[in-house]
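Visitor:
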Amino acid sequence: MTILSGTEPSTPFPGVSGAILAGGSSRRLGRDKVTLKLAAKPLALWVAEALAPAVTDLWLVTNQPQAHLGLGLPLVTDLIPFQGPVGGLATALFYARTPWVLLTSADAPLIAPGLVAALAAAARKITRPALVCRSERGLEPFPGLYAARLLTRVQDFLREEKTFMTLLQRLRPEVWGPEVWRAFDPKGASFQNLNLPQDLARLESLAADRGMQTWSEVRTAVKSPARN
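Numbering of the sequence shown is given in UniProt numbering, commencing with residue 1 and proceeding in unit increments.
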């Protein structure tokens with residue numbers, strides 16, 4: 001796949017791996033979200049193409065590796081199946097060969113490359129074990145930056161609780177509010193999920209309207225992002 005070929009632009013932020021969570025059974029949607037197409041491209045590939053230039057490696061974390069082989073993405077299977085996004089995070093941290101993991105979800109295909117780059121760049125400065133954004137809905141775990149050293153802590157958490165929001169409260173992450181992330185994603189498209197059939201039309205509209213930043217613009221924007 002060209003998105004993983006290492007061609008220009010070269011990886012600007014070493015030390016960060018990218019992980020895409022395939023998600024659960026997609027009962028509300030009625031089909032596999034990962035391979036569902038938006039503007040003729042599978043959702044997972046939208047996310048992979050946004051991630052690839054900013055990370056040293058990336059993989060799709062899945063419970064159904066056979067169903068996702070056709071995407072051409074590196075795959076890792078959940079260590080403990082059906083444990084939700086916290087289990088996916090634990091799997092991503094386990095396989096990470098870098099100090100940080102940039103965690104994303106396949107059902108949010110319009111993740112902004114500029115926001116991805118800003119989060120990856122923050123790995124060089126962040127003092128807390130995680131970095132997430134806050135929208136009008138509250139904390140947004142994806143896309144988020146998580147330290148690989150959290151592995152044992154996340155595994156322990158799995159034994160008592162499965163809610164990602166509870167985990168975030170315990171981690172006390174650094175948080176970027178809208179005054180920060182809107183510089184990279186003005187419409188908040190990175191936080192728009194596809195859960196229901198009618199969501200696809202909304203995302204198609206956003207995809208048509210979105211102006212993709214060039215990587216020169218992204219690099220300029222992330223040199224000194226403001227923080228809350």
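Backbone N, C-alpha and C define an ideal beta-carbon position, used for all residues, glycine too.
Where does residue 81 fall in DSSP's three states?
Guide: One-based indexing of the sequence shown puts residue 81 at position 81. Of the three classes helix, strand and coil, the one that applies to residue 81 here is coil, per DSSP.
Visitor: Among all the DSSP beta bridges, which residues are the ones paired with residue 37?
Guide: For the purposes of this step, residue 37 is taken as residue 37 along the sequence shown, with counting starting at 1. Looking at the DSSP assignment, residue 37 forms a beta bridge with 42.
Visitor: In whole angstroms, what separates the C-alpha of residue 47 from that of residue 190?
Guide: One-based indexing of the sequence shown puts residue 47 at position 47. One-based indexing of the sequence shown puts residue 190 at position 190. Approximately 10 Å, taken between the alpha carbons.
Visitor: What residues match up with residue 57 in a beta bridge as DSSP calls it?
Guide: As a first step, residue 57 is located in the sequence shown; it is residue number 57 there, counting from the start. Answer is 17.
Visitor: Exposed or buried, what is residue 194 when buried is set at 16 or more other beta-carbons lying within 10 Å of its beta-carbon?
Guide: Within the sequence shown, numbered from 1, the residue matching residue 194 stands at position 194. With 16 or more Cβ atoms within 10 Å of its Cβ, residue 194 is classed as buried.
Visitor: Using DSSP bridges, identify the partner residues of residue 146.
Guide: Start at 1 with the first residue of the sequence shown, and residue 146 comes out as number 146. Answer is 101, 130, bridged to residue 146.
Visitor: Determine the direct distance from the alpha carbon of residue 126 to that of residue 109, and round the result to whole angstroms.
Guide: By one-based count along the sequence shown, residue 109 stands at place 109. By one-based count along the sequence shown, residue 126 stands at place 126. Each residue's Cα considered, the two are about 26 Å apart.
Visitor: Quick check on the burial criterion: 16 or more other C-beta atoms within 10 angstroms. Buried or exposed for residue 71?
Guide: Here residue 71 is taken as the residue at index 71 of the sequence shown, counted from 1. Buried, by the Cβ-count rule.
Visitor: Give me whichever residues DSSP pairs with residue 135 in a beta bridge.
Guide: Position 135 of the sequence shown, counted from the start, is the residue given in the question as residue 135. Residue 135 pairs with 138.
Visitor: In this structure, does DSSP put residue 174 in helix, strand or coil?
Guide: Start at 1 with the first residue of the sequence shown, and residue 174 comes out as number 174. Residue 174: strand per DSSP, three-state reduction.
Visitor: Can you find the residues in the same chain that come closer than 6 Å, C-beta to C-beta, to residue 96, ignoring five residues on each side of it along the sequence?
Guide: Indexing the sequence shown from 1 puts residue 96 at position 96. 17, 148.
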